[in-house]
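With the working numbering applied, the sequence shown covers 2 to 121. Glycine residues also receive a C-beta, built at the ideal position from the N, C-alpha and C atoms. What follows is one structure encoded as structure tokens, with my remarks underneath.
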Amino acid sequence: MKDKLQITFHNVDTSPALESKITEHVNKLERFYNRIVSCRVIVDTPHRNQNKGNLYHVRIDITVPNGEVIVNRNPSDEASHTDIYVAIRDAFEAARRQLQDYVGLQRDETRKAVVVTKEE
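Structure representation (structure tokens):
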């Protein structure tokens with residue numbers, strides 16, 4: 002998956018630990034659904050708030066056959082997103098749920114196609 006993964010940091014210092022954690026999450030998604038074509042992860046700190054600290058914004062774009070799964074976790078949604086690792090974890094949990102929904106829809110379409118074929 003390494004050649005299919007693109008990680009971008011905006012207004013965030015990059016570190017091998019962060020990149021490793023993101024890669025670990027992507028690998029878990031790929032074990033769940035091995036047909037992921039590509040994955041782009043963007044970590045950003047759009048707001049610098051002196052009272053709350055940095056709120057991290059994580060966007061994940063996963064390209065799959067016949068579609069795309071997009072997670073756009075807004076930092077204003079979660080006060081806990083002052084911790085970059087929590088923001089990343091929450092975004093990947095949302096991505097996993099959306100990917101599960103996508104896989105379920107694909108299976109339903111396959112079942113319908115099989116039923117229609119057998120009736121003819």
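- CA-to-CA distance, GLY105 to ARG90, given in whole angstroms: In this structure, the alpha-carbon of ARG90 lies about 23 angstroms from that of GLY105.
- Query: Using the C-alpha atoms, what's the distance from GLY68 back to LEU19?
  - Reply: About 27 angstroms.
- Query: Closest by CA to ASP84, which one among GLU94, THR9, GLN101 and HIS58?
  - Reply: The residue from GLU94, THR9, GLN101 and HIS58 with its alpha-carbon nearest to that of ASP84 is HIS58.
- Item | ARG32, enclosing alpha helix (DSSP H) - first and last residue | That run of the alpha helix (DSSP H) goes 17-33.
- Message: Judging by CA-CA distance, which residue of VAL65, VAL38, ASN35 and HIS82 is the nearest neighbour of ASN55?
- Response: Taking each of VAL65, VAL38, ASN35 and HIS82 in turn and checking the Cα distance to ASN55, the smallest one comes out for HIS82.
- Query: In chain order, what residues of the same chain have a beta carbon less than 6 angstroms from the beta carbon of ARG41, not counting five sequence neighbours either side?
  - Reply: For ARG41, where only same-chain residues beyond five positions count, the Cβ hits under 6 angstroms are GLN7 and ASP62.
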